[in-house]
Each structure stands twice: as C-alpha cells, then as structure tokens.
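Worksheet: one structure, shown below.
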Amino acid sequence: MSSIQKNIEQITSQITAAQQKCGRPLGSVQLLAVSKTKPKQAILDAALAGQVAFGENYVQEGADKVDYFSKHHPDLDLEWHFIGPIQSNKTRLVAESFAWVHTIDRAKVAQRLNDQRPEGMQPLQVLIQVNTSSESSKSGTSEEQEIFALAELISSLPNLTLRGLMSIPANVANYQAQLAAFTQLAEMKNTLAQRFPDLPLDTLSMGMSGDMEAAIEAGSTMVRIGTAIFGARDYNKP
Numbered sequence: 006m007s008s009i010q011k012n013i014e015q016i017t018s019q020i021t022a023a024q025q026k027c028g029r030p031l032g033s034v035q036l037l038a039v040s041k042t043k044p045k046q047a048i049l050d051a052a053l054a055g056q057v058a059f060g061e062n063y064v065q066e067g068a069d070k071v072d073y074f075s076k077h078h079p080d081l082d083l084e085w086h087f088i089g090p091i092q093s094n095k096t097r098l099v100a101e102s103f104a105w106v107h108t109i110d111r112a113k114v115a116q117r118l119n120d121q122r123p124e125g126m127q128p129l130q131v132l133i134q135v136n137t138s139s140e141s142s143k144s145g146t147s148e149e150q151e152i153f154a155l156a157e158l159i160s161s162l163p164n165l166t167l168r169g170l171m172s173i174p175a176n177v178a179n180y181q182a183q184l185a186a187f188t189q190l191a192e193m194k195n196t197l198a199q200r201f202p203d204l205p206l207d208t209l210s211m212g213m214s215g216d217m218e219a220a221i222e223a224g225s226t227m228v229r230i231g232t233a234i235f236g237a238r239d240y241n242k243p
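Per this note's numbering, the sequence shown starts with residue 6, numbered consecutively.
Structure follows, in structure tokens:
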C-alpha cells in the first residue's frame with residue numbers, strides 16, 4: 006500500500022468520525038484532494054486508491070493535468086475542481102478544462118466563464134467565494150448584497166450552475182473561533198437557498214487539515230486536503 010493510499014484512508018476515517026460525532030449522515034462530506042504542485046504520478050496513486058475529485062490552484066498547471074489524464078487515463082473519470090484565484094485573462098482555460106470552479110467573486114469572471122464554456126460541455130458547477138475573515142490578502146466577496154447580486158447573475162447564465170459557497174477563513178487554532186466562521190458561511194448558504202429556491206444550492210466548500218472537524222460540524226459538504234495526502238509542497242517544482 007502506498008503512503009498516499011494510507012493517507013487517504015486516514016483522512017477518510019477522520020471525516021467519518023467527524024460526521025458521526027456531530028450526527029451527520031455518512032457520505033455527506035466529500036474529500037477534495039488538493040493536488041497543486043504535485044506530480045502526475047502522485048495524482049495517479051491517489052486515483053488508483055479510489056480518490057476521484059482533485060483541486061488545482063494554478064490555471065496552466067491544472068489544465069495540463071486535466072489534459073494529461075483525459076488522454077492517458079480516461080477510464081479513471083476524474084473530477085477536476087479549480088480552487089485558486091481567477092484572473093479575468095485566464096478564464097478561458099478554466100472554462101475549457103474544469104468541471105467545478107470554487108472561486109467566483111465578481112461578475113466579470115462569472116460572465117467570462119459562461120461565455121467561454123465550450124459548446125457541448127456540461128455547465129460549470131460553480132461556487133461563490135466569500136471572504137468571511139475580511140482579510141485583504143484573501144479573495145472573495147464579503148458583502149451580503151454583493152453575494153445576492155452575483156447569485157442572481159449566475160442563475161441567469163446558461164453555462165454555469167450555482168451550487169453554493171466557498172471560503173478560506175482566518176488561520177486560527179481555537180475550535181470555537183473556527184466553528185463560528187464556518188457557521189457564518191453555512192447560514193449565508195441557507196439564506197441564499199431561501200432567496201433562490203430553484204437553484205441546487207447543496208455545497209459548502211470549507212475546511213482543511215487544521216480545521217476540518219469544525220467545518221464538518223458547521224455543515225461542510227466538501228473539505229479540501231492537500232499536504233495530509235500528498236506531503237509538503239515544493240513550490241519550486243510546479
């Protein structure tokens with residue numbers, strides 16, 4: 006058994022335990038393996054261990070991996086999520102390559118992703134990124150009315166399907182502080198679902214290695230785990 010397979014099994018066990026602890030149904034939280042800067046062999050090892058969904062932060066690197074696996078390992082049927090900040094001049098490659106986008110935070114990006122989604126592809130499954138910590142270093146919108154306006158726009162775009170919200174909260178060790186930030190996002194999703202009852206708002210992308218349990222208690226449906234699966238990242242070797 007590879008170390009990556011062992012790590013996936015350990016993380017999966019932790020997710021299961023967290024779901025049981027707070028009384029959530031088993032299987033209600035998806036593991037998204039964050040594979041940015043990781044080689045294709047590491048992703049293949051994870052895929053052969055049963056991992057399906059992978060998250061990439063860098064547009065060109067991610068698109069290259071999507072292309073490689075679609076050509077060389079189409080039987081794996083991997084699901085690719087873009088989880089990094091999006092520059093408006095990079096939207097075409099994102100629209101052409103990925104199944105999910107977690108980081109929509111402004112109308113221009115949403116419109117370009119819609120317009121550049123190739124004909125014949127399924128609509129992009131998208132999340133609005135919310136800056137719950139109000140940190141200037143983090144992307145995302147923080148104003149409620151901006152979130153509603155962005156949701157209204159996305160709901161009118163035929164090549165995008167709004168599935169929910171995503172956040173990267175402040176890095177704090179205190180469990181209650183983590184829980185409060187995640188609960189804020191969960192409440193916003195519930196408010197959004199009431200305002201847009203026709204949208205499949207079923208996804209909360211929140212929680213990483215250090216705050217996964219609090220995220221799951223608050224209602225996360227997708228946790229983003231990288232280092233705990235693949236080991237430390239080498240940013241000198243994208």
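All C-beta atoms, glycine included, are put in the ideal place defined by N, C-alpha and C.
These numbers come from a predicted model, not from an experiment.
Short CB-CB distance (under 8 Å) between residue i and chain D
i    : result
A154 : Of the protein chains in the structure, only one exists, and it is not chain D.
Option in the options with minimal Cα separation from residue i
i    : options                : result
V99  : Q130, I221, P30        : Q130
T42  : Y63, Q24, S33          : Y63
E101 : Q92, I91, L118         : L118
G215 : L204, I230, F201, S225 : I230
K95  : I13, T196, E66         : E66
P128 : V135, A104, E149, S225 : A104
A219 : G236, A185, I234, V71  : A185
L162 : K113, A237, G55, C27   : K113
G236 : S33, A23, K26, V39     : V39
F187 : S225, T166, L204       : S225
Q181 : G169, Q150, I221       : I221
E151 : Y73, V135, S33         : V135
H107 : H86, A22, Q10          : H86
G89  : I159, E61, N164, K70   : E61
Q15  : E84, A223, Q56         : Q56
L49  : F201, A22, L83         : L83
Buried or exposed by the 16-neighbour rule on C-beta atoms within 10 Å, applied to residue i
i    : result
H77  : exposed
L53  : exposed
D120 : exposed
M126 : exposed
A115 : buried
P243 : Model confidence at P243 stands at a pLDDT of 44, short of 50, so the residue's coordinates are unreliable; what they give is reported in the following sentence. So P243 ends up on the exposed side.
M178 : First, the residue type needs correcting, since residue 178 is Ala and not Met in the sequence shown. Burial call: exposed.
T208 : buried
Q12  : Note that residue 12 corresponds to Asn in the displayed sequence, not to Gln. Classification for N12: buried.
K26  : exposed
L31  : exposed
G28  : exposed
D72  : exposed
Inter-residue Cα distance where the pair is residue i and residue j
i    : j    : result
E157 : L206 : 13 Å
F153 : Q199 : 11 Å
P174 : P123 : 33 Å
Y47  : S7   : The amino acid occupying residue 47 in the given sequence is Ala; Tyr does not appear at that position. Looking at the two C-alpha atoms, the distance is approximately 10 Å.
P44  : F59  : 13 Å
M213 : I20  : 11 Å
R111 : K194 : 17 Å
I133 : L155 : 8 Å
T232 : M171 : 19 Å
D80  : Q10  : 19 Å
S18  : L167 : 30 Å
Exercise for the section: Pick out the complete alpha helix (DSSP H) segments inside the segment 199-225, 4 residues or longer, and give them in chain order. Expected result: 217-223
Exercise for the section: Within the segment 57-110, note down every full beta strand (DSSP E) run reaching 3 residues or more, in order along the chain. Expected result: 58-61, 84-87, 105-109
Handout entry: alpha helix (DSSP H) segments (min. 4 residues) lying fully within the segment 109-179
Key = 112-121, 149-160
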